[in-house]
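Asks: To start, I am sharing the structure in question, which I have written as structure tokens.
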Amino acid sequence: MTYDDEAEPETSVVFSGARGAARRASGGQNASPNGQVLTRPRPEAAAVSAQAARAALGGLTAPRKTLPPSLFYDEEGCRLFYEITKLPEYYLTRTEFRLLETTAPEVTSLLPAGATLVEYGASDETKAEILLRQTNPAGEPDGEPNGDSVFRSYIPIDVAAPALRAIRDRLADRRPGLTVIPVTADFMRPIALPARRSESALMGFFPGSTIGNLEPGPAVAFLRRARLTLHPEGWPRSEAAHPVRFLLGFDTCRDPARLLPAYDDPAGVTARFNRNLLARLNREAGGTFDPDDFAHRAVWNEAESRIEMHLVSRSARTVMLAGQKIGFARGETIHTENSYKYAPERMRAMVEAAGWSRQRAWTDPDGLFALWLLA
Ligand code: AVI
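Going left to right, the sequence shown walks through residues 12 to 386 as my numbering numbers them.
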């Protein structure tokens with residue numbers, strides 16, 4: 012996942028770190044969300060970039076204070092996010108894994124052998140691998156080195172080149188027949204895929220409910236851009252010969268009784284994740300925040316259908332950041348994240364506004380999470 016720190020905090024994105032968090036789980040262990048042990052840690056940026064510091068200052072000096080969610084995912088933030096994914100209250104990650112495991116054979120049965128998987132924000136391959144290991148339902152080898160696998164190639168897209176190289180190296184060991192073509196890019200900007208290959212089909216993949224951390228407008232723009240990127244020249248003439256699909260994972264739960272503990276867990280992990288933003292600004296941008304003087308607050312905003320995270324100042328104070336004074340009134344909040352939860356009809360309107368149509372939809376037995384195959 013990736014970040015756009017030039018954008019307003021409300022519209023900025025997201026998350027190379029969130030999905031790479033698995034590899035940097037506690038104590039430098041390299042365990043993935045599905046328990047697989049991975050081998051290479053991802054190098055971290057040394058400091059908040061000048062651009063990010065500008066975005067932080069811009070947000071903190073606005074009348075309603077915000078911070079870019081991009082700042083969550085330093086090494087400590089990734090470690091904490093990994094802990095979040097293991098919390099009993101945080102249903103998203105494990106529900107999506109189970110759903111992927113059960114639906115992957117059906118998803119891939121809709122594709123011809125020799126397809127290419129294009130993952131947006133691929134900071135590790137754990138979810139993609141569920142798809143990559145699927146074989147042609149007819150069981151007939153297609154004569155290619157990857158045997159009867161549905162996917163012949165995998166294009167992981169992320170801003171972090173070292174993470175992409177690590178993915179390529181791990182897959183070279185585990186799936187020698189698979190061609191891995193990493194693309195280092197910010198998926199919120201136009202992306203050029205490698206020159207057209209001989210794939211039979213292309214499938215975009217955007218799991219993790221990362222779409223929920225985008226504002227709805229940028230989310231539609233992302234889906235529209237992905238559609239343009241994935242469709243080959245000559246489309247729609249070439250659609251029959253080279254189908255293009257997109258697999259989207261998103262959170263559909265809009266029950267505050269389940270959402271609030273997921274974003275404000277009793278063990279306080281999400282609170283630490285939220286406060287780490289301030290600790291990071293202290294470490295990397297000359298901040299003088301006392302993180303413990305800010306309370307974590309998760310709020311369900313029914314009108315916007317989103318969970319909001321805030322940090323609430325427990326006292327009136329002045330804090331320094333990058334040489335500038337920032338004043339806080341007692342009870343003043345910093346809005347740090349939105350996590351949109353989509354009713355099917357709303358998501359349908361969004362994907363259709365982006366030019367896609369829903370071909371298949373799957374959900375878990377409790378109706379918490381959705382996987383949609385778009386055409
Ligand atoms: C990465 N993203 C999908 C997470 C979410 O649920 O919105 C980030 C997160 N924030 C608090 N807990 C988890």
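Built from N, CA and C at the ideal position, the CB exists for glycine as well. No experiment lies behind these values; they were computed from the predicted model shown.
1) Does the ligand ADP have even one heavy atom less than 7 Å from the beta-carbon of Ser-368?
2) Take every Cβ of the stretch 66-83, pair it with every Cβ of the stretch 262-276, and state whether three or more of those distances are shorter than 8 Å.
3) Evaluate the contact criterion for the stretch 217-225 versus the stretch 105-116: three or more CB pairs, one atom per stretch, below 8 Å.
4) With respect to the beta strand (DSSP E) encompassing Arg-269, which residues constitute its N-terminal and C-terminal limits?
5) Taking only heavy atoms of the ligand AVI into account, decide whether any of them is closer than 7 Å to the Cβ of Glu-348.
6) Do you know how far the Cα of Ala-282 is from the Cα of Gly-88?
7) Cutting at 6 Å between CB atoms, please list the residues of its own chain near Arg-371, excluding the five before and the five after it.
8) Assuming Pro-167 is part of the beta strand (DSSP E), what are its boundary residues?
9) Considering only residues of the stretch 341-376, which uninterrupted beta strand (DSSP E) runs meet the minimum length of 3 residues and lie entirely inside it, listed in chain order?
10) Secondary structure at Thr-190, three-state DSSP: helix, strand or coil?
11) Ends of the beta strand (DSSP E) at Ala-232?
12) Just the Cα atoms here: how many angstroms apart are Ile-202 and Ser-326?
13) By Cβ distance, which residues of its chain are closer than 6 Å to Ser-37, with the 5 residues on each side in sequence left out?
14) Measure from the alpha carbon of His-307 to the alpha carbon of each residue in Ala-365, Ile-345, Lys-352, Ala-364, then state which is nearest.
15) Rounded to the nearest angstrom, what separates Thr-195 and Ala-61 at their Cα positions?
16) Please state the DSSP three-state secondary structure of Ala-36.
17) Going by alpha carbons, who is nearest to Ala-172 out of Ala-133, Met-331, Thr-119, Met-361?
18) According to DSSP, is Val-59 part of a helix, a strand, or is it coil?
19) Give me the DSSP bridge partner(s) of His-321.
20) For Ala-260, which residues does DSSP report across the bridge?
21) Does DSSP put Gly-215 in a helix, in a strand, or in coil?
22) Does the distance between the C-beta of Leu-322 and the nearest non-hydrogen atom of the ligand AVI fall short of 7 Å?
23) Secondary structure at Gly-279, three-state DSSP: helix, strand or coil?
24) Return yes when the Cβ of Tyr-351 is within less than 8 Å of the Cβ of Arg-328, no when it is not.
25) Compute the distance between the beta-carbons of Met-214 and Val-129, then report whether it is under 8 Å.
Replies: In terms of the structure at hand:
1) Because the ligand ADP does not appear in the structure shown, any question about it cannot be addressed here, the ligands present being the ligand AVI.
2) no
3) yes
4) Taken as a continuous stretch (DSSP letters only), Arg-269 belongs to no beta strand (DSSP E), being part of the alpha helix (DSSP H) at 267-274.
5) yes
6) 11 Å
7) Leu-384
8) 162-169
9) 344-351, 369-374
10) strand
11) Premise fails: Ala-232 lies in the alpha helix (DSSP H), 227-241, not in any beta strand (DSSP E).
12) 45 Å
13) Here the model assigns Ser-37 a pLDDT of 34, short of 50, so the residue's position is not dependable and the matter cannot be decided.
14) Ile-345
15) 21 Å
16) With a pLDDT of 41 at Ala-36, under the threshold of 50, the modelled position of that residue is not reliable, and the figure given next carries that caveat. Three-state DSSP puts Ala-36 in coil, outside helix and strand.
17) Ala-133
18) coil
19) Arg-308, His-346
20) Reading off the sequence shown, one finds Gly at residue 260, where the question assumed Ala. Paired residue(s): Leu-382.
21) strand
22) no
23) coil
24) no
25) yes
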